[in-house]
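Some notes on the structure that comes next.
Residue numbers (this note's numbering), protein chains in the order written: chain A, 159 to 580; chain B, 1002 to 1093.
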């Protein structure tokens, strides 16, 4: 028998499950790892956590940000007192296939919509096997960050497309952190963020800022063509042109694209990320969780390229957010304000202009201070009306729970236990 | 080096767009009908504007090496559902 994941010493006192969703005819296999709530699993809500990339493993979110343990320099787990499973059962799913411990005999999916079908099937079977996580009417939320700003709206609308009577679970809300959701309204924010208008000093020379401004119209024209046709032939050049013109000037400085205060060091700009790879590649760890691939990698850049060349990057998936809001699903868009690549300015811009049934009222709302319940400190700025909430989180980079763990936990708990108010 | 890269496509007699059409096994005539002049122009300009990046582009991904996969058999539970015939969940 495969050893129990509990032997790893990661929250050994809570129930946890790992395994695979198999898609037989396509030879696809999705890895998941679930940790029960440390508090009251019979009544606490359930959260599905998704990392982005595209092509990055959700286990990086587990060990780097919000799971019950991080991994230290000695490649051993360190208890995280601010884990998101303090008051919720949390599922980490490696998707799409060929990411993390997930694998496929084929090349796998290359766009967000196709990935959504598999995630729905996973949730149906998960809640069939573990009805105790829905039996008492527990809420279910999908949370994630970065490219999950694409995934989550689409996955959520896929779930809603199935009648409630046929589902083993209800979708209660979604949370998107530092996401890429509406490129047309987010790409104009790269230049101000890099050039001193995002709350941190400029990191580019004035001529580079000018060059970014000069190329913006062309970039937005291409994104607009992509929005209109949604054709790979329009969306691919938009991605290549805009990423090179708007993101590369910053990348070339050697600064951390996920945190404007830092330099880019090691794999994915954080040297500690390597500890996770080293840990998950230990034989006894793979044995305990039942991993079926011999090598774990945090991010699969082939998948990243596949999504880029499928034209997925620039597609207007924000339309799915409008759909969710119009169906009264609460949506929290949060953004750590030190991130460059999916920065708070861009996230504010797109939420301000998003069309939905209460868009006019949302636009009129004032921006308020957010005082986190757990720390009782001014921790951000919030704008909210009915189902839509935008939250700027002070001091957070791309991965908010990594930089401000206590405030991030406070945000989650205020949202899922406080009737979706921040 | 970068300055030379755009011409690498011409030396092989194909543009970036032609390379993409070939790699993705598309019909060039059908593709031409899908693009506005502006978008078509952008395909032509990309190698000139970003030579280093474009020269490193790969259009096709290799499948995962089968020798890197080993299936385990002894799971605590295997779950199926009538309405999801193609799927199963294995749980430890």
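The beta-carbon is built from N, C-alpha and C at its ideal position, and this holds for glycine as well.
Cα separation between residue 363 of chain A and residue 353 of chain A?
8 Å
Could you compute how far the alpha carbon of residue 351 of chain A sits from the alpha carbon of residue 300 of chain A?
28 Å
In the structure shown, what three-state DSSP assignment does residue 229 of chain A receive?
strand
Which residue wins for smallest C-alpha separation from residue 182 of chain A, given the options A/264, A/192, A/558?
A/264
Do residue 261 of chain A and residue 450 of chain A have their beta-carbon atoms positioned less than 8 Å apart in this structure?
yes
Does the distance from the CB of residue 479 of chain A to the CB of residue 512 of chain A come in under 8 Å?
yes
Run through chain A and tell me which residues come within less than 7 Å of residue 1039 of chain B, C-beta to C-beta.
379, 383
Would DSSP call residue 277 of chain A helix, strand or coil?
helix
Do residue 313 of chain A and residue 274 of chain A have their C-beta atoms within less than 8 Å of each other?
yes
For residue 446 of chain A, three-class secondary structure by DSSP
helix
Could you give the distance in angstroms between the alpha-carbon of residue 542 of chain A and the alpha-carbon of residue 523 of chain A?
7 Å
Best match in A/256, A/236, A/461, A/383 for proximity to residue 305 of chain A [C-alpha to C-alpha]:
A/461
Pairwise C-alpha distance: residue 1050 of chain B and residue 373 of chain A:
11 Å
By how many angstroms is the C-alpha of residue 403 of chain A removed from the C-alpha of residue 1025 of chain B?
25 Å
Using only the alpha-carbon positions, how far apart do residue 1088 of chain B and residue 578 of chain A sit?
34 Å
Out of A/528, A/482, A/390, which has the shortest C-alpha to C-alpha gap to residue 1027 of chain B?
A/390
Check whether the Cβ atoms of residue 585 of chain A and residue 492 of chain A sit closer than 8 Å, and answer yes or no.
What is shown of chain A runs 159 to 580, which leaves residue 585 of chain A out entirely.
How many Å lie between residue 488 of chain A and residue 559 of chain A at the Cα?
21 Å
Does any CB atom of chain B fall closer than 8 Å to the CB of residue 160 of chain A?
yes
According to the neighbour-count rule (16 or more other Cβ atoms, all chains shown, within 10 Å of its Cβ), is residue 347 of chain A buried or exposed?
buried
Hey, residue 1090 of chain B and residue 217 of chain A are a contact pair by Cβ (cut 8 Å); roughly how many whole angstroms apart?
So it is not a contact: roughly 18 Å between Cβ atoms.
Looking at C-alpha atoms only, which residue of A/387, A/320, A/328, A/418 is the closest neighbour of residue 358 of chain A?
A/418
Mind checking if residue 395 of chain A is an interface residue toward chain B, Cβ cutoff 8 Å exclusive?
yes
Cβ closer than 7 Å: which chain B residues qualify as neighbours of residue 179 of chain A?
1088, 1090
Assign residue 218 of chain A to one of three DSSP states: helix, strand, or coil.
helix
Measure the C-alpha to C-alpha separation of residue 502 of chain A and residue 477 of chain A and round it to an integer number of angstroms.
20 Å
Give a yes or no on whether the minimum CB-CB distance between residue 1023 of chain B and chain A is below 8 Å.
no
Where do the N-terminal and C-terminal ends of the alpha helix (DSSP H) with residue 320 of chain A fall, by residue?
Premise fails: residue 320 of chain A is in no alpha helix (DSSP H) and is neither H nor E.
I believe residue 537 of chain A touches residue 565 of chain A by the beta-carbon criterion, under 8 Å. Please report the beta-carbon distance rounded to the nearest angstrom.
4 Å
Would a C-beta distance cut-off of 8 Å place residue 484 of chain A and residue 213 of chain A closer than the cut-off?
no
Reference residue 242 of chain A, options A/193, A/278, A/548, A/456, closest by Cα
A/193
Give a yes or no on whether 8 Å exceeds the smallest Cβ distance from residue 1013 of chain B to chain A.
Here the model assigns residue 1013 of chain B a pLDDT of 48, short of 50, so the residue's position is not dependable, and the following value carries that caveat. It does not; no Cβ of chain A falls within 8 Å.
Exposed unless 16 or more other CB atoms sit within 10 angstroms - verdict on residue 465 of chain A:
buried
Identify the contact partners of residue 279 of chain A in chain B, using a Cβ-Cβ distance below 7 Å as the criterion.
1085, 1088
Strand pairing of residue 1089 of chain B, partner residues [DSSP]:
A/180
Is the beta carbon of residue 229 of chain A closer than 8 Å to that of residue 433 of chain A?
yes
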